[in-house]
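Here's the structure we're looking at; comments come further down.
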Amino acid sequence: MRRLRVMPLSLLWTYAREAVPYLVILAVAGAFFWGWRAWTQNQRVMEEARFQEYNSALVGDVTARMDHCALLSKAFAGLVFTLDGQVDGGKWGEYWASRRVREAYPWIKAIAYCPVVGLEGRDAFVAGMREGGLAEYALFPEGDRNEYAPVTLAEPAEVQAGLLGCDVRFQEERRRCLDAARESGETRISALMTLEMPPRTKGAVMVTPVYASGRPTDTPEERVAAAMGYVLAIMSVEGLAVRGDMGEAGMSGYEVYDNGVETPSNLIYASRGDVQRPDAMFSESRTVDVYGRPWAFSFATTDRFEGRVDRVTPLAILVCGVFVAVLTVLLFMQEQKVREKAESLALDMTEALRRSEREYRTLTESLPMAVARLGAHMEVLTTNATLREWFPAAKDAAKALCHQVMRIPPCEEPCKECRIPVVLEDGVPQTWESEVETAQGRRLVRVNAIPNFARRGKVSSVVVLVEDVSDRRQVEESRVAQAAAEERARTKSLFLANMSHEIRTPLNAIIGFTYILQRDAELTARQADILQTLQRSGEHLLALVNDILDLSKIDSGYVMPEETPFSLNHVIRDVGAAFLSRASAKGLWLVINSGNGVPDHVEGDENRLRQVLMNLVGNAVKFTQTGGVTIRVSNASGKTKKPDKDGRVRLAFEVEDTGPGLSSEDRTRLFHEFEQGDAGRLYGGTGLGLAISHRLVQILGGELAVSDGEESGTCFRFELPLRPVSAEECPAPDRKGRVLRLADGTAPKRILSVDDNEDNLLFLRGLLTATGFEVFEAHEGAEGVALFEQERPDAVLMDMRMPVMDGYEAIRRIREHDGGKAVPVIGITASAFEDQRGRVMAAGASGFLTKPFQPEKLFDLLGRLLEVEYIYSEEEEEKKEVAATPSAQQGKAFADVPENMIWGVRRAMESGNMKELSAAVGEVEEFDAELGRQLRELATNFDFGRILELIGTGELEEDALS
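Residue numbers are given in numbering that gives the first Met the number 0: position 18 of the sequence shown equals residue 17, and the series is strictly consecutive.
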């Protein structure tokens with residue numbers, strides 16, 4: 000017996016490894032063959048679905064056109080129903096033209112109306128048609144029938160001769176269609192027929208029944224009895240079936256057959272003029288009910304469709320399969336060479352790793368942070384020089400000394416907060432901060448523990464990086480504190496902006512209505528005084544609000560100098576005139592001294608300079624009890640007093656009083672916000688005036704300083720660089736009085752006012768209507784846009800902050816309108832921040848107003864934008880007219896007040912003691928409540944000159960202002 004030879008295992012492994020490439024070729028080839036078959040089958044399914052989408056689109060297009068025809072037919076039926084059948088040819092033609100039937104529905108050849116006419120009423124019907132203007136009207140075909148449906152109205156005009164008088168019920172198929180529509184109450188379409196009108200073509204008639212008004216139509220019998228007539232839409236079905244060019248046209252050929260039967264006699268339309276080829280890739284038939292008539296659609300793919308079918312991809316899959324199989328064999332052959340080369344590279348990499356470890360050690364030794372590597376049993380494997388310097392006891396050791404890495408002995412076990420055992424256990428890096436004692440003292444360190452993993456994912460060691468972050472923590476804490484302060488400032492600014500809107504909006508109504516009421520010539524003296532007090536109180540409250548908002552704007556960086564030419568002499572005298580009556584009431588003199596070399600006209604920020612001077616002079620008058628106040632302006636540009644190279648001179652402004660002066664403690668906090676000295680707390684106020692003035696002077700390029708006066712009291716001084724200009728460069732002062740009405744011959748202008756606040760709308764309505772404007776009102780942006788399109792006003796007053804649609808969006812909508820590009824739009828906002836002007840103007844506004852605004856500013860804007868002129872009242876005459884009568888009447892009333900009470904009021908004003916003045920006014924109130932109330936209102940607003948008028952001390956001497 001022959002013995003079987005056993006093949007060695009190594010030889011079997013060699014043969015198996017050599018056979019692997021061939022097995023791979025077979026596997027790859029099989030996989031690609033399966034992929035080719037799967038792709039082909041999936042592609043056929045996708046193409047068939049695409050074919051059916053084209054078919055659905057074609058059917059949808061045809062049925063959509065039929066729906067459009069039905070809607071048009073129902074519209075004409077609605078015309079007949081609305082007029083109760085009393086439609087003549089003119090109205091029918093006008094409606095035909097208004098619906099643009101020729102352009103919108105080119106497949107509709109004609110639209111006609113046929114009333115229901117019985118045999119017994121036939122002759123009377125014909126006679127009535129002839130009497131109505133159709134002298135040759137006659138029914139055809141002739142003959143006696145139980146019921147007729149003769150055409151009485153038809154459009155277009157060229158088909159009337161062939162249709163008028165035609166009895167639609169004469170033909171059986173049409174009669175069935177009429178009866179079906181009448182009994183069902185729905186629109187119906189007739190069978191395919193040849194239309195006897197040029198050009199001769201196949202067509203159909205769509206029938207819509209018209210029922211008499213008020214008749215029941217619930218059952219077929221009731222509908223037959225209530226039928227008044229029919230509206231006929233005569234269509235060319237060929238034009239109806241032709242599908243427009245939709246980009247995918249020609250992908251599916253189709254025919255449409257009437258009555259649901261695909262026979263040549265029923266063919267309505269074929270996309271190529273004949274039936275489709277039988278060898279198409281896909282074909283399909285559908286039957287669709289079209290208003291009671293079955294239409295059959297037959298579809299088949301076209302050459303264009305089949306030309307788009309992807310036949311390259313399946314072939315590419317087979318080619319790729321062969322290519323990949325061959326490539327796999329080459330890869331296996333290359334693998335052997337790569338293995339040999341890898342062994343050589345492994346030796347090189349081992350040497351490179353040793354070299355890298357040496358370089359790593361050199362690097363870590365030079366790092367400014369402490370580095371240690373701990374083993375799996377918490378033993379210290381390596382440390383760098385920095386760690387050994389910080390923790391001298393931490394040295395290389397073969398036992399568990401983790402605690403010595405972070406602590407100087409006598410620690411003998413890992414500290415509780417040490418997270419290195421956790422890193423060794425779960426392999427997740429850890430970072431923490433703690434305070435430790437080092438050789439350099441107690442420091443705040445950040446520790447990073449990073450695991451090193453062995454080949455099987457087990458943590459083999461942990462690298463510990465210890466970084467001193469003591470200085471960085473201080474910097475970070477400072478940064479966080481700064482960020483918190485900035486956020487508080489931003490929150491404060493946002494709060495003040497919102498409060499500005501909420502406070503200034505009602506102030507706009509208060510001051511505005513006061514202005515309107517003061518224009519009434521029939522005011523009594525008492526009413527005029529009340530209105531003046533109300534206006535001064537509102538302006539005083541506005542000034543307090545503006546102080547707080549000015550401080551916020553300065554803090555936020557919104558205040559920038561605005562340099563314009565102005566009259567310096569005019570500003571100084573205006574400031575003096577503003578406080579003359581108050582100073583005179585206290586028995587104080589008020590003097591203005593202007594030195595040599597001071598130009599009359601300069602360029603600078605007039606408003607801010609005026610604000611600073613008003614604050615300083617107001618404080619001086621308030622705190623001074625005897626003596627007076629001096630306002631000085633001098634040239635501080637040196638001996639030459641000439642402009643510098645920038646064309647500017649330095650002007651020194653001084654406000655000196657003879658008051659009680661300032662203590663050293665008061666001077667240290669004089670310019671702090673919301674802080675007051677002892678005198679300030681006595682006389683009231685917000686404690687913001689000097690703080691704001693100090694900051695404004697800095698913005699204008701100067702520094703506000705305080706010193707003792709020449710005799711006693713206090714002197715405030717600051718210098719500003721201002722550029723001298725000529726008088727011609729300065730705008731002329733506005734000396735016009737109040738606006739009374741539009742100038743004679745001016746056409747009334749229409750104003751649209753948009754505001755969500757009813758008080759503001761009422762104020763603007765009263766202000767503008769009394770002047771001669773016509774006003775329309777809207778309560779939010781969307782309503783304003785709609786009213787603008789409806790009324791087409793000459794100008795728009797738009798509140799910027801409203802619900803639903805704000806003013807910014809409303810202005811943009813108006814500007815997008817064809818008629819809104821040139822119409823002036825004035826944006827109105829209660830926000831006091833100057834950046835709002837830029838936002839409003841960027842939205843498309845022509846002008847900008849801040850609530851509360853002076854009515855003259857609104858009139859000036861409207862006058863400039865609309866180019867209108869006004870009739871003004873002279874300001875001096877207005878003052879006389881308002882003040883003349885009240886003084887006499889109230890003076891007469893004060894004649895009854897005991898003389899000791901009057902002298903008590905006068906002594907309190909001369910001494911400037913507000914508590915004493917309040918007590919004196921209280922005595923007057925006990926004697927006469929109304930007179931006392933008037934005195935208290937005037938005292939609250941510091942109107943001492945008016946008080947002196949009322950108590951009979953005579954007029955103030957205004958020539959003190961010199």
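For each residue, glycine too, the CB sits at the ideal point set by N, CA and C.
Notebook entry, point to check: If we ignore side chains and look at the alpha-carbon of each, how far apart do residue 679 and residue 700 end up?
Noted result: Counted from its first residue, the sequence shown places residue 679 at position 680. Counted from its first residue, the sequence shown places residue 700 at position 701. Because the pLDDT at residue 679 is just 47, under 50, the model does not fix this residue reliably, and the value given afterwards should be weighed accordingly. Looking at the two C-alpha atoms, the distance is approximately 28 Å.
Check: Over what stretch of residues does the beta strand (DSSP E) that includes residue 600 continue unbroken?
Finding: Residue mapping note: residue 600 aligns to position 601 of the sequence shown, counting from 1. 600-603 is the extent of the beta strand (DSSP E) around residue 600.
Check: By how many angstroms is the C-alpha of residue 363 removed from the C-alpha of residue 351?
Finding: Reading the sequence shown from its first residue, position 352 is the one you call residue 351. Reading the sequence shown from its first residue, position 364 is the one you call residue 363. Whole-angstrom Cα-Cα distance: 18 Å.
Check: Does the pairing of the region 118-133 with the region 95-104 give three or more beta-carbon distances under 8 Å?
Finding: no
Checklist line | For residue 126 and residue 148, the rounded distance between their alpha carbons | finding: What you label residue 148 is simply residue 149 of the sequence shown in a count that begins at 1. What you label residue 126 is simply residue 127 of the sequence shown in a count that begins at 1. Spanning the two alpha carbons is a distance of roughly 16 Å.
Item checked: Start and end residues, alpha helix (DSSP H) containing residue 94 -> Residue numbering aside, residue 94 sits at position 95 when the sequence shown is read from its first letter. Segment 88-97, the alpha helix (DSSP H) holding residue 94.
Item checked: Cβ pair residue 619, residue 713 closer than 9 Å -> The residue you call residue 619 lines up with position 620 of the sequence shown. The residue you call residue 713 lines up with position 714 of the sequence shown. In this structure, residue 713 lies closer than 9 Å to residue 619 by Cβ.
Margin query: For a test of the three-state rule: what should DSSP assign to residue 312, helix, strand or coil?
Written below: Taking the sequence shown and counting its residues from 1, one reaches residue 312 at position 313. DSSP places residue 312 in helix when its eight states are reduced to three.
Notebook entry, point to check: Under the three-state reduction of DSSP, which class applies to residue 946: helix, strand or coil?
Noted result: Here residue 946 is taken as the residue at index 947 of the sequence shown, counted from 1. Here residue 946 sits in helix by DSSP.
Notebook entry, point to check: Cβ of residue 109 within 9 Å of Cβ of residue 191?
Noted result: As a working mapping, residue 109 is identified with position 110 in the sequence shown. As a working mapping, residue 191 is identified with position 192 in the sequence shown. No, they are not a contact pair.
Margin query: Within the continuous beta strand (DSSP E) that includes residue 176, where are the two ends?
Written below: Reading the sequence shown from its first residue, position 177 is the one you call residue 176. No beta strand (DSSP E) contains residue 176, which is instead part of the alpha helix (DSSP H) from 171-183.
Item checked: residue 903 to residue 916 span [Cα, whole Å] -> Looking up residue 903 in the sequence shown gives position 904. Looking up residue 916 in the sequence shown gives position 917. Near 8 Å, if we compare the C-alpha coordinates of residue 916 and residue 903.
Next item on the list: Pull up the DSSP beta-bridge partners for residue 465, would you.
Entry: In the sequence shown, the residue the question calls residue 465 occupies position 466. Per DSSP, 369, 446.
Checklist line | Endpoints, alpha helix (DSSP H) assigned at residue 159 | finding: Working through the sequence shown from its first residue, we reach residue 159 at position 160. Here the alpha helix (DSSP H) through residue 159 covers 159-162.
Item checked: Segment limits, beta strand (DSSP E) that includes residue 573 -> Locating residue 573 in the sequence shown gives position 574, counting from the first residue. Residue 573 -> not in any beta strand (DSSP E); alpha helix (DSSP H) instead, spanning 567-584.
Margin query: Taking 9 Å as the threshold (C-beta atoms), are residue 80 and residue 290 in contact?
Written below: Within the sequence shown, the letter at position 291 stands for residue 290. Within the sequence shown, the letter at position 81 stands for residue 80. Their beta carbons are not under 9 Å apart, which means residue 290 does not touch residue 80 by this criterion.
Next item on the list: Pick helix, strand or coil for residue 421, following the three-state DSSP scheme.
Entry: The sequence position of residue 421 within the sequence shown is 422, counting from 1. It is helical.
Checklist line | Proximity test, Cβ basis, 9 Å: residue 301 and chain D | finding: Considering every chain present, this structure includes no chain D. It has just one protein chain.
Check: Does DSSP put residue 146 in a helix, a strand or coil?
Finding: Numbered from 1 along the sequence shown, position 147 holds the residue referred to as residue 146. Here residue 146 sits in strand by DSSP.
Next item on the list: Would you list the residues sitting across from residue 208 in a DSSP beta bridge?
Entry: The count along the sequence shown starts at 1 and reaches residue 208 at position 209. DSSP lists 229 as partners of residue 208.
Check: My guess is that residue 628 and residue 582 are in contact by the Cβ rule of under 8 Å, so how many angstroms apart are they, rounded?
Finding: Locating residue 628 in the sequence shown gives position 629, counting from the first residue. Locating residue 582 in the sequence shown gives position 583, counting from the first residue. With a Cβ gap of about 7 Å, residue 628 and residue 582 count as contacting.
Margin query: Measuring only the C-alpha atoms, how far is residue 180 from residue 208?
Written below: Taking the sequence shown and counting its residues from 1, one reaches residue 180 at position 181. Taking the sequence shown and counting its residues from 1, one reaches residue 208 at position 209. The straight-line gap from Cα to Cα measures roughly 6 Å.
Next item on the list: Mind reading off the beta-carbon distance from residue 779 to residue 801? Whole number of angstroms is fine, and I expect it under 8 Å.
Entry: What you label residue 779 is simply residue 780 of the sequence shown in a count that begins at 1. What you label residue 801 is simply residue 802 of the sequence shown in a count that begins at 1. The pair is a contact, with the Cβ atoms about 5 Å apart (cut-off 8 Å).
Check: For residue 434, which beta-bridge partners are listed by DSSP?
Finding: Along the sequence shown, read from residue 1 onward, the residue named residue 434 stands at position 435. In the DSSP output, where bridge partners are listed per residue, residue 434 has 443.
Margin query: Using the Cβ count rule (16 or more neighbours within 10 Å means buried), how would you classify residue 54?
Written below: For this step, residue 54 is matched to residue 55 along the sequence shown. Burial call: buried.
Check: Among 924, 870, 89, 22, which residue has its Cα nearest to the Cα of residue 324?
Finding: One-based indexing of the sequence shown puts residue 324 at position 325. Per the Cα distances, 22.
Checklist line | residue 804 versus 821, 811, 781, residue with shortest Cα-Cα distance | finding: Working through the sequence shown from its first residue, we reach residue 804 at position 805. It is 781 whose Cα lies nearest to the Cα of residue 804.
Notebook entry, point to check: Between the region 603-612 and the region 712-727, do three or more beta carbon pairs fall short of 8 Å?
Noted result: yes
Notebook entry, point to check: Should residue 770 be labelled buried (16 or more other beta-carbon atoms within 10 Å of its own) or exposed?
Noted result: Position 771 of the sequence shown, counted from the first residue, corresponds to residue 770. Label assigned to residue 770: buried.
Check: Using the beta-carbon count (16 or more within 10 Å), is residue 473 buried or exposed?
Finding: Indexing the sequence shown from 1 puts residue 473 at position 474. It is exposed - the Cβ of residue 473 has fewer than 16 other Cβ atoms within 10 Å.
Note to self: When you compare the CB positions of residue 447 and residue 466, do they come within less than 9 Å of one another, or not?
What the structure shows: For the purposes of this step, residue 447 is identified with residue 448 of the sequence shown, where counting begins at 1. For the purposes of this step, residue 466 is identified with residue 467 of the sequence shown, where counting begins at 1. Yes, the pair counts as a contact, with Cβ atoms nearer than the cut-off.
Notebook entry, point to check: Within 10 angstroms of its Cβ, does residue 707 collect 16 or more other Cβ (buried), or is it exposed?
Noted result: Here residue 707 corresponds to residue number 708 of the sequence shown, with the count starting at 1. Result: exposed.
Note to self: Using DSSP's beta-bridge definition, name the partner residues of residue 650.
What the structure shows: By one-based count along the sequence shown, residue 650 stands at place 651. For residue 650, which the question treats as bridged, DSSP gives the partners 634, 719.
Item checked: Three CB pairs or more closer than 8 Å across the region 787-798 and the region 813-828 -> yes
Check: Helix or strand or just coil, what does DSSP make of residue 729?
Finding: The residue labelled residue 729 in the question sits at position 730 within the sequence shown. In this structure, residue 729 counts as coil in the three-state DSSP scheme.
Checklist line | Euclidean distance between Cα positions of residue 759 and residue 814 | finding: Within the sequence shown, residue 759 is the residue found at index 760, counting from 1. Within the sequence shown, residue 814 is the residue found at index 815, counting from 1. The alpha-carbon atoms of residue 759 and residue 814 are separated by roughly 24 Å.
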